[in-house]
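Numbering-wise (my numbering), the sequence shown opens with residue 271 and increments by one.
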Amino acid sequence: SGSGGGGGNGNYNNNGIGPSSSGGSAASYCQAACSKVNQCDSSVDVQVCTADCQNDGAVSLSKLRAEYVSQVQSCFVATDCATILTGDALGDCETQVQAALTPTPTTTDFCEQAYEADVSCGKNASKGECLAAAKQFSDAALNAAKSCFSKSCNKIDDCVEAELGH
271 SGSGGGGGNG
281 NYNNNGIGPS
291 SSGGSAASYC
301 QAACSKVNQC
311 DSSVDVQVCT
321 ADCQNDGAVS
331 LSKLRAEYVS
341 QVQSCFVATD
351 CATILTGDAL
361 GDCETQVQAA
371 LTPTPTTTDF
381 CEQAYEADVS
391 CGKNASKGEC
401 LAAAKQFSDA
411 ALNAAKSCFS
421 KSCNKIDDCV
431 EAELGH
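Here's what the structure looks like:
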């Protein structure tokens with residue numbers, strides 16, 4: 271997920287994460303992440319970084335669960351500067367937090383419907399893979415994506431990707 275890039279800014283905003291509509295704000299999330307990056311690399315301008323972060327994720331970031339966003343932010347802010355400047359600290363935090371998340375009932379229902387759609391379209395399907403991949407999304411985003419399963423088989427994947435911002 272995400273578009274890559276980042277110009278040495280510690281990948282603070284390039285992996286598809288940000289505030290959820292159910293909690294937090296883009297401003298507070300991006301401010302915290304960019305302040306941490308600035309602590310590690312004073313050449314990073316916090317104002318520019320924060321604005322870029324907010325602009326990069328204005329729509330897709332609102333589709334994530336609030337607890338996912340806040341836990342990733344906490345993990346990133348607690349990461350040492352050497353890791354932030356040389357590694358994929360944000361991606362590592364996303365992986366750790368996602369592994370520990372429990373799917374919501376809406377996630378489970380979404381994956382049941384995805385499985386049924388895949389089977390009826392003759393595709394290989396895995397509820398477990400769906401649960402692992404979808405559990406960071408908000409219930410509102412998943413509910414919107416459920417409408418995709420009534421579309422023709424060749425339209426479902428593009429529709430779900432568009433609804434979830436991936």
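Glycine included, each C-beta is placed from N, C-alpha and C at the ideal position.
For this session: Kindly confirm or deny that the segment 339–350 and the segment 389–397 touch, where touching means at least three C-beta pairs closer than 8 angstroms.
Result: Touching, no.
Exercise. Near CYS400, which residues of its chain fall below 8 angstroms by C-beta distance, leaving aside the five closest residues on each side in sequence?
Worked result: If you number the sequence shown from 1, residue 400 lands on position 130. Cβ within range, chain order: PHE380, CYS381, ALA384 and TYR385.
For this session: Identify which residue in CYS310, ASP311 and CYS323 has its Cα closest to the Cα of CYS300.
Result: Numbered from 1 along the sequence shown, position 30 holds the residue referred to as residue 300. CYS300 has its Cα closest to that of CYS323, out of CYS310, ASP311 and CYS323.
Exercise. In three-state terms, what does DSSP make of LEU331?
Worked result: Position 61 of the sequence shown, counting from 1, holds the residue named residue 331. LEU331 falls in the helix class under three-state DSSP.
Exercise. Cα separation between LEU434 and CYS351?
Worked result: The residue labelled residue 434 in the question sits at position 164 within the sequence shown. The residue labelled residue 351 in the question sits at position 81 within the sequence shown. The alpha-carbon atoms of LEU434 and CYS351 are separated by roughly 31 angstroms.
Exercise. Considering only residues of the same chain and omitting the five flanking positions on each side of VAL430, which have a CB-CB separation below 7 angstroms?
Worked result: The sequence position of residue 430 within the sequence shown is 160, counting from 1. Closer than 7 angstroms at Cβ, skipping near neighbours: ALA415 and CYS418.
Exercise. Alpha carbon to alpha carbon, what distance is there between ASN394 and THR356?
Worked result: Here residue 356 refers to the residue found at position 86 of the sequence shown. Here residue 394 refers to the residue found at position 124 of the sequence shown. Roughly 38 angstroms separates the two Cα atoms.
For this session: Report the option in ALA297, CYS310, SER330 and LYS421 whose CA atom is closest to the CA atom of PHE407.
Result: To locate residue 407, count along the sequence shown from 1; it is residue 137. Taking only the C-alpha atoms, the option nearest PHE407 is SER330.
Exercise. Between which two residues does the alpha helix (DSSP H) harbouring SER396 extend?
Worked result: Here residue 396 corresponds to residue number 126 of the sequence shown, with the count starting at 1. First-last for SER396: undefined, no H or E at that position.
Exercise. In the segment 335–397, which residue ranges form an unbroken alpha helix (DSSP H) of at least 4 residues, counting only runs that do not cross its ends?
Worked result: Listed in chain order, the complete alpha helix (DSSP H) runs (minimum 4 residues) inside the segment 335–397 are 336–348, 351–356, 359–370 and 375–390.
Exercise. Per DSSP, PHE407 is paired with what?
Worked result: For the purposes of this step, residue 407 is taken as residue 137 along the sequence shown, with counting starting at 1. Under the DSSP definition of a beta bridge, PHE407 partners with LEU334.
For this session: Would you kindly check if the distance between the Cβ of THR376 and the Cβ of LEU334 is under 8 angstroms?
Result: For this step, residue 334 is matched to residue 64 along the sequence shown. For this step, residue 376 is matched to residue 106 along the sequence shown. Going by C-beta atoms, LEU334 is not nearer than 8 angstroms to THR376.
Problem set entry | Under the three-state DSSP convention, the category ASP311 falls into | As a working note, residue 311 is residue 41 in the sequence shown. ASP311 carries a coil assignment under DSSP once its states are collapsed to helix, strand and coil.
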